[in-house]
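Student: Following my numbering, the numbering of the sequence shown begins with -5 at its first residue and continues without gaps. The structure follows.
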Amino acid sequence: MGLYNWKTDPELKTNLKNTEPEKVKEMERFLKAYIQSFNHRVKNNLLTVDKEF
-5 MGLYNWKTDP
5 ELKTNLKNTE
15 PEKVKEMERF
25 LKAYIQSFNH
35 RVKNNLLTVD
45 KEF
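Right, here's the structure in full:
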């Protein structure tokens, strides 16, 4: 996993992973939670909106 500032480094040459470890941790935690949530919804067939609100 890499961390890049695409606004100032559009060619993604400078990996900021080692200079911003706290930001990497935060983003990694968010990504893992997102994947876990998606897997849960796939497993339980919850990918569509229930029309009975």
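All C-beta atoms in this analysis are idealised placements derived from N, C-alpha and C, irrespective of residue type, glycine included.
With distance defined between alpha-carbon atoms, name the residue in E16, T2, K17, L(-3) nearest to L10.
Tutor: If we check each option's Cα against that of L10, L(-3) comes out closest.
Student: Could you work out which residue in N(-1), R23, K26 is closest to T13 when comparing CA atoms only?
Tutor: Measuring from the Cα of T13, the nearest candidate turns out to be N(-1).
Student: Tell me which residue opens and which closes the alpha helix (DSSP H) that E20 is part of.
Tutor: It spans 15 to 37 - the alpha helix (DSSP H) in which E20 sits, taken as one unbroken run.
Student: Would E22 pass as a contact of M(-5) if the rule is Cβ separation under 8 Å?
Tutor: Yes, the Cβ-Cβ distance between E22 and M(-5) is below 8 Å.
Student: Leaving aside the five residues before and after R35 along the sequence, list all residues of the same chain whose C-beta is less than 6 Å from its C-beta, in chain order.
Tutor: Contacts found: L41.
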